[in-house]
Amino acid sequence: MATDRDAERDAITAAMQRLLDGCPTRSTGALTTLQLAAEAGVKRWVLTHKHVDLKEEFTRRKSEANGIPPAFQHLHARAVDAEAAAQALREDNDRLRERVSVYAQVIHELRTELDRRTDNSTQRSPVRSLPASVT
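Everything in the sequence shown is counted per our numbering, starting at 362 for the first residue and increasing by one.
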């Protein structure tokens with residue numbers, strides 16, 4: 362005959378498996394002791410005081426899965442790849458911004474030198490300025 366303790370253990374064990382499989386029915390699916398208790402339909406203290414061995418088993422199995430349910434590990438891998446790609450793009454953007462800044466400085470210096478030479482000579486410069494706006 363099953364006791365309340367056996368029923369709690371069965372509920373916790375089933376909930377543990379659902380969370381680790383990424384198929385929660387009563388919780389957020391986060392791999393936490395609180396969510397395990399919610400998934401099992403028991404109070405947290407029941408898990409942390411009465412069934413310490415199950416809580417420890419859950420903690421061990423969670424660490425084996427790096428805290429990510431197997432059902433979501435492929436998504437985590439994609440997120441890690443996307444973050445690495447985003448970081449590479451940010452670094453590339455920083456390099457391009459620096460290069461544009463250097464080009465702007467060179468253009469400014471060349472324009473200043475051209476203006477200085479044009480002001481000092483009476484000859485018309487062979488270089489023409491572009492119009493401010495094209496209509």
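For every residue, glycine included, the Cβ atom is placed at its ideal position computed from N, Cα and C.
By the neighbour-count criterion, in which 16 or more other beta carbons inside 10 Å mark a residue as buried, S388 falls on the buried side.
Unbroken alpha helix (DSSP H) runs of no fewer than 4 residues, entirely contained in the region 390-414, are found at 394-401, following chain order. Where A426 is concerned, there is no enclosing alpha helix (DSSP H), because DSSP gives it neither an H nor an E. Around the C-beta of P492, fewer than 16 other C-beta atoms lie within 10 Å, and the residue is accordingly described as exposed. For L381, the enclosing alpha helix (DSSP H) starts and ends at D365 to D382. By the neighbour-count definition (other C-beta atoms within 10 Å, threshold 16), V441 is an exposed residue. Residues of the same chain with a CB within less than 6 Å of the CB of A398, apart from the 5 flanking positions on each side, are R405 and L408 in chain order. When the beta-carbon positions are compared, F419 and G383 stay at least 7 Å from each other. Between the beta-carbon of L415 and that of M377 there is about 7 Å, and that keeps the pair under the 8 Å contact cut.
Straight-line measurement puts the Cα of V467 at about 16 Å from the Cα of R478.
If you draw a straight line from the Cα of V463 to the Cα of E470, it is about 11 Å long.
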